[in-house]
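Residue -16 is where the sequence shown starts when you use the numbering used here, and the numbers rise one by one after that.
Here a beta-carbon is modelled for each residue, glycine too, at the ideal position from N, C-alpha and C.
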Amino acid sequence: MAASALGRVLGSRAMRQASSQLFSRGISSSVSVSASSPVTALPRTVFQGKHAERMAALSQLAQQTNAPLQSLVEQYEREVFALDRVPQIPEGPTQERMAALSRSFEQRGVDVSQSPALVVAVNVSDGADATLKRISQIFEAGIDGILLADLSQPSRPDQPVAERVACLANTYKAARAAFPNKWIGGSLTQVRPSAPEFFPLVKSTLPGVDGLLIDSPLILPFKPQTSAFDVAADGSGAAAAIHTLKLEWATLADCAAAQAFLAAQQQHNVATLLLGSVASNSFALIHPHMHLHLHDVTDSTGNTAPPPNAAMQQFVRHWARMAANVFHVVVSSGPDLDTDISEAKLACLADNARPLGLWRGQPNGQLKPARHEKILQTANILLAWEEHSATEENAVDESWLNLFVLANRFHKE
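This is how it looks when you write it as structure tokens:
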């Protein structure tokens, strides 16, 4: 399956279901803004309707008051996203997490002190024999590790943990037997890792697994029922509307599932490297600018787009710092599997979540050199979905593999 197709599969997954759980609450007729603002209070109309309608109301207000539109948008978001009331999250145990990353790969002969580890995600839905053939090609090309994932059918939030883990069992056991000294992990989407049976099942079903990518909303940067958003009707995940009214930021104490997950790690003495997704393309948008990608876009005249959205920058920072207290490695991505992470989003993550794993866009020779270098200097793990060959069934495209390895081998100064 090509990466673009995989993107469509993943794009419908974790956090889509969250939109049905999110909040709707009344607000007062006006919201006060800071004394330095050209408008002392924002009228109720700017807090009504969908995102486009709200932005239109702000635009009309700017015309009526001669106030700068950007200033009004900032006032609106400062209130609606409670930017003056963001709680402090302690920095995650960076040294301990870096040590866990090093141990995990060094025991498989991979030194991550100078270069990021290269990991390719492999779809196991073709069966163990066909998947093993591709895994062999991947390791022969110089890839450091693999993540096994079952994309045969969309996962369900109510699916038992045993079913999610069992989907990987046969291929994992075959791969471990064939490649006993290689780094082999699993990717679990929409799983409930806080369930009491999660770690015992992993130990018994995937014995000796090197890493687990938890691609589910174990942690959110805001309290449930304090935000609401709509996604596009076509299921693409595009933000058709956002209805956030009075967002309340979360702390680690508010995340009961994360607390249970941490307690279970200690109880079962888990040695597996745990990777957790934050603001990745597999999550529904919590803000139209979640990927901060406008920062890297230029118009036809070559002018850089407006600065990245301040509210979403705070979302990413807060989310990343929370995840850094729960997982060994925080993982994120650009808006889709073909596009690299933006420089603005990368900066937010780098300052709050190390070690860091990043999904890479396709190495098609069109990467921006400056961003490419920043990614290589910042990331500790670089991930990509396998590309199938167009000419040979059950084969990985060798030209893609070679290009991925060549493009991402980098020795840090």
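Residue ranges of uninterrupted alpha helix (DSSP H) with 4 or more members, entirely inside the stretch 72 to 126 and ordered along the chain, are 77 to 89, 111 to 123. Close CB contacts of LEU384 within its chain, under the 6 Å cut and outside five residues either way in sequence, are with ALA124 (chain order).
Considering only VAL29, VAL261, LEU339, THR374, the residue with the shortest C-alpha distance to THR172 is VAL261. Taking all protein chains in view, the Cβ of ASN264 is crowded by 16 or more other Cβ atoms within 10 Å, so the residue is classified as buried.
Taking a C-beta distance under 9 Å as the contact criterion, ASP198 and SER170 qualify as a contact pair. Where SER325 is concerned, there is no enclosing beta strand (DSSP E), because DSSP gives it neither an H nor an E. Under the criterion of beta carbons closer than 8 Å, ILE167 and ALA160 do not qualify as touching, at roughly 11 Å.
With a 10 Å radius around the Cβ and a threshold of 16 neighbouring Cβ atoms, THR77 comes out exposed. For the 9 Å CB-CB criterion, ALA236 and ILE202 do not form a contact.
Counting only the Cα atoms, ALA113 lies some 45 Å from PRO73. For ALA178, the secondary structure class from DSSP, reduced to helix, strand or coil, is coil. Look at HIS371 here: in three-state DSSP terms it is strand. Annotation for THR361: LEU329, ALA333, LEU339 place their beta carbon closer than 7 Å to its own, counting only its chain and skipping 5 residues before and after. Here DSSP, grouped into helix, strand and coil, assigns ALA307 to coil. Under the three-state reduction of DSSP output, SER187 falls in the helix class. For PRO26, the enclosing beta strand (DSSP E) starts and ends at 24 to 26.
Contact holds between the stretch 297 to 316 and the stretch 248 to 262, because three or more Cβ pairs, one in each stretch, are under 8 Å apart.
Our two residues, GLY75 and ARG354, have alpha carbons roughly 26 Å apart in a direct line. In this structure, ARG117 keeps its C-beta atom at 9 Å or more from the C-beta atom of ALA367. Taking all protein chains in view, the Cβ of LEU389 is surrounded by fewer than 16 other Cβ atoms within 10 Å, so the residue is classified as exposed. ALA293 sits away from GLU146, with the two beta carbons spaced by 9 Å or more.
Annotated three-state conformation of LEU203 is coil, per DSSP. Per the coordinates, the alpha-carbon of PHE393 lies some 11 Å from the alpha-carbon of LEU365.
About 19 Å separates the beta carbons of ARG337 and ASP323, which is beyond the 8 Å limit, so they are not a contact pair.
By the 16-neighbour rule on beta-carbons within 10 angstroms, PRO99 is buried. Within a 10 Å sphere around the beta-carbon of ARG304 sit 16 or more other beta-carbons, which makes this residue buried. Look at ASP237 here: in three-state DSSP terms it is helix.
Linking VAL56 to VAL299 through their CA atoms gives a straight-line distance of about 19 Å.
Here the alpha carbon of PHE244 sits roughly 9 Å from the alpha carbon of PRO179. Per DSSP, the beta-bridge partners of TRP342 are LEU366. Closest by C-alpha distance to CYS331, out of PRO352, ALA39, ILE358, is ILE358. If you draw a straight line from the Cα of VAL309 to the Cα of VAL185, it is about 18 Å long.
The beta carbons of GLN296 and ALA327 sit about 7 Å from each other, so the pair counts as a contact at 8 Å. Going by DSSP, THR172 is part of the beta strand (DSSP E) stretching over 166 to 172.
If you draw a straight line from the Cα of LEU130 to the Cα of ALA307, it is about 21 Å long.
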